[in-house]
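Undergrad:
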Amino acid sequence: MQHHTDEQKLPIGKALGRIPSGVFVLTAAHDGERMAMLASWVQQAAFEPPAISIAIAKGRPIAKLIRQSGLLAVSIVPENDKSLMKRYARGVKDGEDPFAGVAVSQSPAGVPILSGALGWIEAKLIQTCDFGADHEILVGQVTAAQLLRDGTAFTHQRGNGFHY
966 MQHHTDEQKL PIGKALGRIP SGVFVLTAAH DGERMAMLAS WVQQAAFEPP AISIAIAKGR
1026 PIAKLIRQSG LLAVSIVPEN DKSLMKRYAR GVKDGEDPFA GVAVSQSPAG VPILSGALGW
1086 IEAKLIQTCD FGADHEILVG QVTAAQLLRD GTAFTHQRGN GFHY
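In case it helps, my numbering puts the sequence shown at residues 966 to 1129.
What follows is the structure in structure tokens.
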């Protein structure tokens, strides 16, 4: 993999930072354990069968839970919902309930979904991709989804493409 000098990184970082992304909460559950994390690199990946892709930093504990259960869910954060953003942006500490103080229900397969979300998507993990970078890609075939309310999804642009 090519590595860039600091001089090369500046314009690359500025350009990458202008790629807009959504704000989502990725959730998983397995054998009584539940996890959640803020995810911004979520995309629709196919029309038929419908699929989504999520890029997450390697080593995130939720990835192991998703692999074990074979399931994941993405809750779509409403525009300007700072409370959900703040709750998950700081991460969830070990032993902390990731859903404390947050209204939660379950997808048909039992994956936690946020009741305050615009909607949610449940997916069965069908592929993972390790492409030699600091993130890996999870691909899920959509098994269920629901729009809970009208509204606009939270989107943002980072100032620099080399960090969140």
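Glycine included, C-beta positions come from ideal geometry on N, C-alpha and C.
(1) So does the segment 1119–1127 actually touch the segment 966–982, counting three or more Cβ pairs closer than 8 Å?
(2) Pair every Cβ in the segment 1003–1020 with every Cβ in the segment 1089–1101, then say whether three or more of these pairs are closer than 8 Å.
(3) Opposite Val-1007 in the DSSP bridges: which residues?
(4) Measure the beta-carbon distance from Gly-1084 to Gln-1111 and round it to whole angstroms, keeping in mind my assumption that it falls under 8 Å.
(5) So, with DSSP's three-state summary, where would you put Leu-1103?
(6) What residue ranges within the segment 1009–1085 form continuous beta strand (DSSP E) runs of no fewer than 3 residues, ordered along the chain?
(7) Is Ile-977 helix, strand or coil when you go by DSSP?
(8) Kindly indicate which three-state DSSP category Gly-987 falls into: helix, strand or coil?
(9) Would you kindly work out how many angstroms separate the C-alpha atoms of Arg-1055 and Val-1007, rounded to a whole number?
(10) Report yes or no: do the segment 1059–1070 and the segment 966–973 share at least 3 C-beta pairs separated by less than 8 Å?
TA: Taking the geometry as given:
(1) Contact holds: three or more Cβ-Cβ distances are below 8 Å.
(2) Counting Cβ pairs under 8 Å, three or more are found: they touch.
(3) Translated into the one-based positions of the sequence shown, residue 1007 becomes position 42. Answer by DSSP bridge pairing, in chain order: Ile-1019.
(4) As a working mapping, residue 1084 is identified with position 119 in the sequence shown. As a working mapping, residue 1111 is identified with position 146 in the sequence shown. At roughly 6 Å, the Cβ-Cβ gap stays under 8 Å, so Gly-1084 and Gln-1111 are in contact.
(5) Residue 1103 sits at position 138 when you count from the first residue of the sequence shown. Looking at Leu-1103 - three-state DSSP - the assignment turns out to be strand.
(6) Inside the segment 1009–1085, DSSP marks whole beta strand (DSSP E) runs of 3 or more residues at positions 1016–1022, 1036–1041, 1069–1071 and 1077–1079, from first to last along the chain.
(7) Working through the sequence shown from its first residue, we reach residue 977 at position 12. Of the three classes helix, strand and coil, the one that applies to Ile-977 here is helix, per DSSP.
(8) Counted from its first residue, the sequence shown places residue 987 at position 22. The three-state reading of DSSP puts Gly-987 in strand, counting E and B together.
(9) Position 90 of the sequence shown holds residue 1055. Position 42 of the sequence shown holds residue 1007. Taking the straight line from one Cα to the other gives about 19 Å.
(10) Between the segment 1059–1070 and the segment 966–973 there are fewer than three inter-stretch CB-CB distances shorter than 8 Å, so the stretches are not counted as touching.
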